[in-house]
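Peer 1:
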């Protein structure tokens, strides 16, 4: 290589290095290093006392389990495949202490309440269920039978949840019955594996344990692939060898036994199902490869919230959180600007009532807490279930297992920009200016996949002092095989597949403490009144007028869905704001529920909370939940009948009040529910909004507020967005510009 070539290459290398250095310098000048992120000081300190609400740790579960097993007189087993006839330790969960004791502790007026656990044992050997309170933790020394105290009755063993052990024997029994059908299975279903999907309740009267099992193709979304075969299995006996098939349905025709079906099938007196391969239209594998990522949210200057254990700090908010195995998401001791607003906000129950012409769904009424709502909160997918940069929390649970199970990242917490202003105003007349504030709020989320349905639970904390509890449904619809008369109960959504009409009712517990525990329940609405026009005698006009009322008793405050409900519902204190109005929080229910099951039905008492849009009761420690683990399988003698909370009709004036709020939606499945139901429009919730609680909107004190003055549109003084591209660690952003005042109306002399 000659010297000229060498010098040319050297010059090119030097030029390349110089250009890269210039480019790097340019980029560096536009995007500061991440180390320059601002540190946002928290407005409060994490409170270790929030541990009083914390779910049990893995170690605590083991301590309780070991204590119970050591009580030889109880004869308890923990093996997952325990027979129904044995005694099985089914559930361990935090036992919530008395509210008065907790408040005294939180407010520095009393000692820390004893930490205890609730334990549920299925006594197959004795034919009943027992609940115990075990404590103190971390080293238990006692167990107290609280069954009668809590439920005022014994709990029959037939009210138990079907365990993994019982499912093991049911699956074996079902396979044996299918194997007896021979050619029917081969010709109708291609000798393919069939998956069972059970319907509830299990019978028509207390003591029944007879379950209709529908068979579906073995696809990932099996719930929309019914095959037309259903069986009624009697598994009342605690000995699986005594179980029987009491009825079968094949292609819309009933049979008493497997033998009868086989005989009539061979004789040609049955309308046969002819097997053919089905397309997997249930698949959620994308039909097209993504070309680019969807928009992502990030924290340009770091997170503005902090999580320590089960306690969260976010701007003016603080609260404790938990995830009940049975009822799901819950928060406690919710404070805004240091004042407690909510003692408890929690999910209570998720219920669905189905319509069908076939037996698998004709009587179906699902109560999800009976198998555990929080039980099915699995790991959340980063960037899809929650934003990529959310904070994720790992939980432990003990239900129907031999030891505690870890559920990694099953809760996420993130601040979310809702992409809209929380408030704003553009001044066009006389003075020119713009004032606004982004709606950025903190979201606490979990998603529970209960069988076919996935429920997304959000608790949202807004800078205006509002809290929202929200649920959205997705997942797969539950379907049945299309037979004559099916279309009275839904729409056809695929070949021989009916999407069954059903309701979704969700119950929330809202224990508001507005400036203390002595509150009242108020309603406000409007009416038109005919008034004289003051300056025109003889002229009249219909003018809206405020109508206010204070309800005095529990029965008066039990507001049914089918009755006209006042539009404004308030839990109010007896203290006033600067303008003389009672400081209160409003319950705003967002709902599209269907009709509730008629009260003439004996099963209705197991879900009597769903009669009411809102029901207000006096707080009682023995009225912690609106439903129970045992209501599903013994609906006819419900362990918890919510309507009994209201029957004593206690006063609700100047008392510690609890609001039980029911929301939800009616679902008439349609073609667009295939393969998967979307969250859009499928949900409901309750919004807790300050109403005269403050003297003005508290968000006016938020540092997120923006004001742009005419002539100073690019100033950063009251608008950090004008400088965010220069000052923050963020992707390349377009420069901030604003020219909104160019088109304002000009007034001339």
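In the working numbering, the protein residues as written are 1054 to 1802.
We put the beta carbon where it would ideally sit given N, CA and C, even for glycine.
All values derive from a computational prediction rather than experimental measurement.
Check whether the stretch 1583 to 1590 and the stretch 1438 to 1451 are in contact - that is, three or more C-beta pairs closer than 8 Å.
Peer 2: no
Peer 1: For residue 1693, count neighbouring C-beta atoms within 10 Å of its own C-beta (all shown protein chains included) and say buried if the count is 16 or more, exposed if not.
Peer 2: Residue 1693 should be labelled buried.
Peer 1: Could you give the residue range of the beta strand (DSSP E) that holds residue 1284?
Peer 2: 1279 to 1287
Peer 1: To which residues does DSSP link residue 1439 through a beta bridge?
Peer 2: 1435
Peer 1: Return the chain-ordered list of same chain residues with a C-beta closer than 8 Å to the C-beta of residue 1795, the five sequence neighbours on each side being excluded.
Peer 2: none
Peer 1: Could you pull the start and end residues of the alpha helix (DSSP H) that residue 1331 belongs to?
Peer 2: Premise fails: residue 1331 is in no alpha helix (DSSP H) and is neither H nor E.
Peer 1: So, does the stretch 1501 to 1515 touch the stretch 1536 to 1555, judging by three or more C-beta pairs under 8 Å?
Peer 2: no
Peer 1: Of the residues 1137, 1577, 1570, 1401, which one's Cα is nearest the Cα of residue 1676?
Peer 2: Comparing alpha-carbon positions, the option among 1137, 1577, 1570, 1401 lying closest to residue 1676 turns out to be 1401.
Peer 1: Rounded to whole angstroms, what's the CA-CA distance from residue 1479 to residue 1654? Just pull it up for me.
Peer 2: 57 Å
Peer 1: Let me know the beta strand (DSSP E) ranges lying completely inside the stretch 1604 to 1636, each 3 residues or longer, listed in chain order.
Peer 2: 1611 to 1613, 1621 to 1629
Peer 1: Enumerate in chain order the residues of its own chain whose CB-to-CB distance from residue 1114 is below 6 Å, with the five nearest sequence positions on each side excluded.
Peer 2: 1145, 1451, 1457
Peer 1: Quick check on the burial criterion: 16 or more other C-beta atoms within 10 angstroms. Buried or exposed for residue 1061?
Peer 2: Note that residue 1061 scores a pLDDT of 46, beneath 50, so its modelled location is shaky; the value from the coordinates is reported in the next line. Per the 10 Å Cβ criterion, exposed.
Peer 1: Could you round the C-beta distance between residue 1311 and residue 1298 to whole angstroms and report it? I think they count as a contact, below 8 Å.
Peer 2: 6 Å
Peer 1: Under a three-way DSSP split, which group does residue 1378 fall into?
Peer 2: coil
Peer 1: Between residue 1394 and residue 1638, which are expected to be in contact by the criterion C-beta below 8 Å, what is the C-beta distance as a whole number of angstroms?
Peer 2: 7 Å between Cβ atoms; contact.
Peer 1: By the 10 Å Cβ neighbour count, where 16 or more other Cβ atoms means buried, how is residue 1349 classified, buried or exposed?
Peer 2: exposed
Peer 1: On the CB-based measure, 16 or more other CB atoms within 10 Å of its CB, does residue 1679 come out buried or exposed?
Peer 2: buried
Peer 1: Thinking just about the alpha-carbon of each residue, which of 1180, 1772, 1203, 1500 is nearest to the one in residue 1381?
Peer 2: 1500
Peer 1: Check whether the Cβ of residue 1465 sits closer than 7 Å to any heavy atom of the ligand PLP, and report yes or no.
Peer 2: The model depicted lacks the ligand PLP and carries no ligand whatsoever.
Peer 1: What does the alpha-carbon distance come out to for the pair residue 1225 and residue 1246?
Peer 2: Their Cα atoms are separated by approximately 13 Å.
Peer 1: Thinking just about the alpha-carbon of each residue, which of 1220, 1170, 1212, 1210 is nearest to the one in residue 1199?
Peer 2: With distances taken between Cα atoms, residue 1199 lies closest to 1170.
Peer 1: Kindly indicate which three-state DSSP category residue 1789 falls into: helix, strand or coil?
Peer 2: coil
Peer 1: Check each candidate in 1777, 1728, 1744, 1748 and name the one with the smallest Cα separation from residue 1333.
Peer 2: 1728
Peer 1: For the stretch 1682 to 1702 against the stretch 1202 to 1218, do three or more pairs of beta-carbon atoms, one drawn from each stretch, fall closer than 8 Å, so that the two count as touching?
Peer 2: yes
Peer 1: Helix, strand or coil for residue 1799? Go by DSSP, reduced to three states.
Peer 2: coil
Peer 1: Taking the alpha carbon of residue 1624 as the reference point, which residue from 1570, 1157, 1522, 1540 has its own alpha carbon closest?
Peer 2: 1570
Peer 1: Who are the near neighbours of residue 1567 in its chain, counting only those whose CB is closer than 8 Å to its CB and skipping five residues on each side?
Peer 2: 1394, 1624, 1625, 1626, 1636, 1637, 1638, 1746
Peer 1: Hey, how far is the Cα of residue 1583 from the Cα of residue 1599?
Peer 2: 13 Å
Peer 1: Kindly confirm or deny that the stretch 1356 to 1369 and the stretch 1263 to 1277 touch, where touching means at least three C-beta pairs closer than 8 Å.
Peer 2: no
Peer 1: Which of the three DSSP states, helix, strand or coil, is assigned to residue 1696?
Peer 2: coil
Peer 1: So which of 1602, 1581, 1601, 1603 has the shortest CA-CA distance to residue 1593?
Peer 2: Nearest neighbour of residue 1593 by Cα position, chosen from 1602, 1581, 1601, 1603, turns out to be 1581.
Peer 1: Who are the near neighbours of residue 1481 in its chain, counting only those whose CB is closer than 8 Å to its CB and skipping five residues on each side?
Peer 2: So the qualifying residues of the chain are 1797, 1798.
Peer 1: Starting from residue 1474, follow the alpha helix (DSSP H) in both directions and report where the run begins and ends.
Peer 2: Looking at the DSSP string, residue 1474 is not in any alpha helix (DSSP H); the run it does join, the beta strand (DSSP E), is 1458 to 1480.
Peer 1: Can you check the stretch 1477 to 1541 for any alpha helix (DSSP H) of at least 4 residues that lies completely inside it and give the ranges in chain order?
Peer 2: none
Peer 1: Are the C-beta atoms of residue 1453 and some chain D residue less than 8 Å apart?
Peer 2: Note that chain D does not occur in the displayed structure, where there is just one protein chain.
Peer 1: Apply the 10 Å Cβ neighbour rule to residue 1058 and answer buried if 16 or more other Cβ atoms are within range, or exposed otherwise.
Peer 2: Model confidence at residue 1058 stands at a pLDDT of 44, short of 50, so the residue's coordinates are unreliable; what they give is reported in the following sentence. With fewer than 16 Cβ atoms within 10 Å of its Cβ, residue 1058 is classed as exposed.
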